[in-house]
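Chains as they are written, first to last, in my numbering: chain A, 1285 to 1676; chain B, 1285 to 1676.
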DNA sequence: CTTATTATTAAGGAGTCCATCATTAGTACA
DNA sequence: TGTACTAATGATGGACTCCTTAATAATAAG
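Laid out in structure tokens, this is it:
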């Protein structure tokens, strides 16, 4: 019954529903003929026509030239106007700020990255963010006025309101109302989330976990975190603190990276951010000491992972973050330990999205937000479309 | 967008939606006047009337005498015919088999319980089940033909198909296709689930966790288990193995009850099933040795609980199962340990449903099943109502 | 140039919902 | 007892959305 709206519907409601399913079909399938759309939505051709006409008038849909070379009268083709609005995803890490500009279909149009000092004061960091985003926008000749939503992923504990309760990696973040600060910068919806959770979302939408409804994402790198996709949705928890298994003392995740950093074979003078990678590479090449270090690391990793797998029984576990490049080295020992404990072993895969994981997740998060707004059940039939470009 | 059906709708679809929201309102609010129903569903009076007439014709709804003593013309009142079908919930434990008969609103009409030997052979156990249920039915003068759904909760690992993969407590269960066996006994839908999960469902629907969307239920007693309610729904996991945190070696849940059973103060000769209760009672009365045993128990309990809380950030954690009668003794040490580890402490409460927890959860599970069937999106507009009693 | 194929357009019909108004059944009070 | 008041009921007409069917238009193939 939960799928049934508690309030009954009007005739116009029916049209809204049909318009939305048409939009959904158009977004998912590229340019589409009217007949195909009718097939997809289950409506009759005349009704489909009427719906599409309305959507075109609103600016949501546009016509594209018919595909030549077919038998019979060529069918008119329509497509969703993904370029009618824009979304920005931002990944604010301790050492880097990344931004990506996307259209309403989530296609990335431009990307920028800028280094940052972890201990930079707040003003400097905000300026870095602003530069990164505006660089991204200028690549496509846009301004912040063209943005519909900005979604941000950052390290630390972000509450439901976008306050940062705690951030070990970025001192200036502690206690900041990041959502409010960014709101001053961008005149559109601003969403703030934990970076691991957004990475999980990206993997479940366009990464190795695509199609899986229950996903556990392990963010392994210099910092550790997890993100959970449950029943196809990002799980935030009541206080937006879900996925913080890193705090479980018995798993030892807080100190786990040290096993790789201080494995004893890392050459002196190597920058600390490369140490773990060195150990992992050595393990791949068969160095016995490195292998032992990896084993110890995997053992700790396995405890928290086993807790997540036993509790949630996900379809797939995705290994992401900085160390995911070494998934070939990490996954076998991790799998071995899970097999000893878990009742059903989920699929174990390394991330394929790499460093862009969080930005992409932020974009997907913004798209989810957009989708929720498409039809908010109470007031606006269809969200006002393109205020900046009046239709004839 | 996930809330929007991908297939567009018909006029009849709109009527279906409205019928369903009417049923939903009628089920939730007891006898209701037409005006009130119109208010609840958001439909106009004439439309509401038409919907209700249709539902009455189908047999879903009936009229009740108007409430006297009001100003103006007395309004006709309608109510959902909860007695039009019946559900049975069964709790198959190692030592007991419980059954409860409920109407379509989940009101319990009759209840039975029968002792069982844990190591009884399969035939004997199935006979016990049959007797328990038929006793329950005869109390209300019904037969299995009146049943719409039978939902069963039992100890052990139940897969998505209703096979029992593993059951330590009931040897005869191992490898059994319980759903198929029960299907021979009952000519209706049969659902099989893990008992802890059903208990969790009951707590979230009619227990202390009512209204919470994210719940962690701890089944503590001679056996341990957990059930998760996530986003208001029972979380089963991809292979229906969710909630088995008991298998995590680091938490020591498998051996945790021994701390209470072998606390050193239990009088010799006391039956093993009363030992833990004795220790808990002694701790409540201040016995220092018992308190230490409870502390050790709580410490183990806290590890697995912390894992669940950190991962899921639930609104509330419910302590259920046999030891929940001693929640006053168990919760304080558990809370103390969670506070040391968790970022946000959820509400901690003891169960109030007691021994009936699993049966009630089974009934709620059957109701969920019914609700899913009310409108299955493809074929049947409204599920055929009361085949056994033809309407004029 | 004709035929086959496919898409488009238009007209008629059915179902659902809403707003409005006269009618009805009860209570309250003189 | 009889009248005024109150609130629900029932019926009518209009508006909207969708469907089916049939006629029309545009292109490729022969």
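Just so you know, even glycine gets a beta-carbon here, dropped at the ideal spot from N, CA and C.
Listed by chain order, chain B residues near residue i by CB distance under 9 Å
i              : result
residue 1391/A : Ordered by position in chain B, no residue passes the 9 Å Cβ test against residue 1391/A, which lies about 17 Å from the chain.
residue 1567/A : Ordered by position in chain B, no residue passes the 9 Å Cβ test against residue 1567/A, which lies about 25 Å from the chain.
Beta-carbon spacing of residue i, residue j below 9 Å
i              : j              : result
residue 1527/B : residue 1569/B : no
residue 1658/B : residue 1318/B : no
residue 1550/A : residue 1563/A : yes
residue 1385/B : residue 1420/B : yes
residue 1601/A : residue 1632/A : yes
residue 1436/A : residue 1476/A : yes
residue 1306/A : residue 1336/A : yes
residue 1679/A : residue 1376/A : This structure cannot speak to residue 1679/A, because chain A is shown only from 1285 to 1676.
residue 1625/B : residue 1586/B : yes
residue 1320/B : residue 1331/B : no
residue 1590/A : residue 1532/B : yes
residue 1409/B : residue 1453/B : no
residue 1537/A : residue 1459/A : no
residue 1634/A : residue 1620/A : no
residue 1560/B : residue 1541/B : yes
residue 1383/B : residue 1395/B : yes
Within chain A, partners of residue i - CB distance below 7 Å
i              : result
residue 1590/B : 1532
residue 1525/B : 1597, 1627 and 1628
Cβ neighbour criterion (16 or more within 10 Å) applied to residue i
i              : result
residue 1379/B : exposed
residue 1623/B : exposed
residue 1629/A : exposed
residue 1339/A : buried
residue 1451/B : buried
residue 1668/A : In this prediction, residue 1668/A scores a pLDDT of 48, lower than 50, which makes its location untrustworthy; the coordinate-derived value is nonetheless stated afterwards. Per the 10 Å Cβ criterion, exposed.
residue 1663/B : Note that residue 1663/B scores a pLDDT of 39, beneath 50, so its modelled location is shaky; the value from the coordinates is reported in the next line. Burial call: exposed.
residue 1300/A : buried
residue 1554/B : exposed
residue 1672/A : Low confidence applies here, because residue 1672/A scores a pLDDT of 35, under 50, leaving its location unreliable; read the following figure in that light. Exposed is the call here.
residue 1656/A : exposed
residue 1647/A : buried
residue 1464/B : exposed
residue 1499/A : buried
residue 1492/A : buried
residue 1381/B : buried
residue 1295/B : exposed
residue 1351/A : exposed
Expected contact under 8 Å - CB spacing of residue i and residue j to nearest Å
i              : j              : result
residue 1653/B : residue 1473/B : 7 Å
residue 1521/A : residue 1597/B : 3 Å
residue 1258/B : residue 1644/B : What is shown of chain B runs 1285 to 1676, which leaves residue 1258/B out entirely.
residue 1469/B : residue 1414/B : 6 Å
residue 1525/A : residue 1441/A : 6 Å
residue 1417/B : residue 1362/B : Residue 1417/B to residue 1362/B, Cβ: 32 Å. No contact.
residue 1599/B : residue 1497/B : 7 Å
residue 1426/A : residue 1370/A : 6 Å
Residue i beta carbon near the ligand GTP (any heavy atom closer than 8 Å)
i              : result
residue 1322/B : This structure does not include the ligand GTP; it has no bound ligands of any sort.
Chain B residues whose Cβ lies nearer than 7 Å to that of residue i
i              : result
residue 1587/A : 1534
residue 1529/A : 1591, 1594 and 1595
Contacts that residue i makes with chain B (C-beta to C-beta distance below 8 Å)
i              : result
residue 1519/A : 1514, 1515 and 1596
residue 1441/A : 1627
residue 1498/A : 1521 and 1522
Residue i: contacting residues in chain A (beta-carbon distance under 9 Å)
i              : result
residue 1625/B : 1531, 1532 and 1533
residue 1298/B : 1292, 1293, 1294, 1295, 1297, 1298 and 1301
Amino acids of chain A, ordered along the chain, whose beta-carbon sits closer than 8 Å to that of residue i
i              : result
residue 1599/B : 1522
Next on the checklist: For the structure I just gave you, are there three or more beta carbon pairs, one from the segment 1504-1522 of chain B and one from the segment 1485-1494 of chain B, closer than 8 Å?
Outcome noted: A contact exists between the segment 1504-1522 of chain B and the segment 1485-1494 of chain B.
Item to check | Given 8 Å, three or more beta-carbon pairs between the segment 1604-1618 of chain A and the segment 1497-1510 of chain B | outcome: No: the two stretches stay apart, fewer than three of their Cβ pairs being nearer than 8 Å.
Item to check | At least three beta-carbon pairs within less than 8 Å, the segment 1337-1346 of chain A to the segment 1319-1328 of chain A | outcome: No, because fewer than three Cβ pairs between the segment 1337-1346 of chain A and the segment 1319-1328 of chain A fall closer than 8 Å, the two stretches do not touch.
Item to check | At least 3 beta-carbon pairs within less than 8 Å: the segment 1517-1524 of chain B vs the segment 1607-1617 of chain A | outcome: Result no; under three Cβ-Cβ pairs closer than 8 Å.
Next on the checklist: So, does the segment 1571-1591 of chain A touch the segment 1541-1556 of chain A, judging by three or more C-beta pairs under 8 Å?
Outcome noted: Output reads yes: the segment 1541-1556 of chain A touches the segment 1571-1591 of chain A.
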